[in-house]
Amino acid sequence: MDFANFLIQLLNSLQYGLLLFMLAAGLTLIFGIMGVVNLAHGSFYMLGAYLAWFLASQLGSLVLAIIVGTLIAVVLGWLLEWLLFRHFYHRDHLDQVLLTFGLIYIFEEMRSIFWGDDVHAVQVPEMLNWSVPLTDNLSYPVYRLVMSGVCIALALGLYLLISKTRLGMKIRAGAFNREMTEALGINIRLIHGVVFALGVALAAIAGMIASPIASVYPGMGSSVLIMCFVVVVIGGIGSVRGALVAALLVGLVDTFGKVLVPQIAGMAVYMLMAGVLLYKPEGLFKQ
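In structure tokens:
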């Protein structure tokens, strides 16, 4: 592998890892702060991809589609938390698994009813539909670089929100001790609604920005859900910093595994998870 090919694969792994982080960050927030095992998280990724395809065809702009789709995802997350999830916080995890597993089927059926079962393509915006030359024969798509930049900006924004703002302080307090937080006069139900809406929005944004390179197809949320749980387990349940480090590691292992050792590429990520859990059962960053 020459340097140009190595650089391309490194950029691909970074882009994939950051996309995984956006998904895993929402999952880690929902589980770490609210204690909800959300198997339907991959469905929000799928919903974002379909919203990008549908809204872009109606509005004529992927950027506008992402903005409108994000607002729709926030409202949907808020409604789901208000109507369903807030009634399951103190119930057994098995009840939460059954609820979210049922939501997977509901989202799949609604997707089939509204948008059908065909595979769809989303066009890259014209202004980003070009490549940066690396050598005389190799180039790298600008849209993938923009994807990585958007993911980095959102990761930084999430860090600042959780660590540096008053809302973030309330979120961390609610995760640490819900009863004491409520006793101090903080509306913990409102905090949980905000966290769940944020988690849904992050997954939907990941689906929307990935739709031009991954296509839009039925069941696309199932595979990313498994990877999300792998990232959360490796990074440490409840740790956003751990989710970032683990997502980048998974991106590197998966991308270079497919190039260097394709025979075992499918199991390389799970071997990484097994190795981490063997020496650190709580994950890389215990929270």
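Adding 22 to a residue's 1-based position in the sequence shown gives its number in this note's numbering.
A virtual CB, placed ideally from N, CA and C, is assigned to each residue, including glycine.
Note that this is a predicted model, so its numbers are computed, not measured.
Residue i - DSSP class collapsed to helix/strand/coil
i: Ser83; result: coil
i: His109; result: helix
i: Pro234; result: helix
i: Ser261; result: coil
i: Tyr292; result: helix
i: Tyr67; result: helix
i: Tyr239; result: coil
i: Val154; result: strand
Pairwise C-alpha distance: residue j and residue i
i: Val164; j: Leu36; result: 14 Å
i: Leu160; j: Asn151; result: 16 Å
i: Asn60; j: Leu29; result: 36 Å
i: Leu294; j: Leu120; result: 29 Å
i: Ala95; j: Ser185; result: 24 Å
i: Ile213; j: Ala87; result: 27 Å
i: Gly179; j: Leu156; result: 31 Å
i: Leu84; j: Pro303; result: 42 Å
i: Ala236; j: Ser244; result: 14 Å
i: Asp114; j: Met202; result: 22 Å
i: Thr122; j: Gly241; result: 15 Å
i: Val58; j: Ala26; result: 44 Å
i: Arg194; j: Asp24; result: 46 Å
i: Asp158; j: Met149; result: 23 Å
i: Gln31; j: Val283; result: 14 Å
i: Ile89; j: Ala175; result: 15 Å
i: Leu93; j: Asp139; result: 25 Å
i: Val108; j: Leu220; result: Sequence check: residue 108 is Arg here, not Val. Using only the alpha carbons, I get a separation of about 15 Å.
i: Gly258; j: Tyr292; result: 15 Å
i: Val146; j: Leu106; result: 36 Å
i: Ser65; j: Ala177; result: 21 Å
i: Thr301; j: Gln118; result: The question names Thr, but residue 301 is Tyr in the sequence shown. When rounded, the distance between both Cα atoms is 30 Å.
i: Gly82; j: Gly171; result: 23 Å
Anticipated Cβ contact below 8 Å, residue i with residue j, distance rounded
i: Cys250; j: Leu41; result: 11 Å between Cβ atoms; not a contact.
i: Ser233; j: Val154; result: The pair is not a contact, with the Cβ atoms about 22 Å apart (cut-off 8 Å).
i: Ala226; j: Ile126; result: That pair is no contact at about 15 Å.
i: Leu33; j: Ala228; result: So it is not a contact: roughly 18 Å between Cβ atoms.
i: Leu224; j: Ala47; result: 6 Å
i: Leu189; j: Leu183; result: 7 Å
i: Tyr111; j: Thr277; result: Wrong, their Cβ atoms sit about 38 Å apart, outside the cutoff.
i: Met56; j: Phe218; result: 7 Å
Test item: CB-CB of residue i and residue j under 7 Å
i: Val275; j: Ala296; result: no
i: Met230; j: Gly70; result: yes
i: Val298; j: Ile256; result: yes
i: Val272; j: Val253; result: yes
i: Leu73; j: Gly91; result: yes
i: Ala265; j: Phe53; result: no
i: Ala269; j: Lys280; result: no
i: Tyr239; j: Val97; result: no
i: Thr50; j: Val262; result: yes
Decide yes or no for the touch test of the segment 193-213 against the segment 74-82: beta carbon pairs closer than 8 Å, at least 3 of them. no
Meets three-Cβ-pair contact criterion under 8 Å: the segment 195-204 and the segment 127-137: no
Can we say the segment 236-250 touches the segment 95-107, given the rule of at least three CB pairs closer than 8 Å? no
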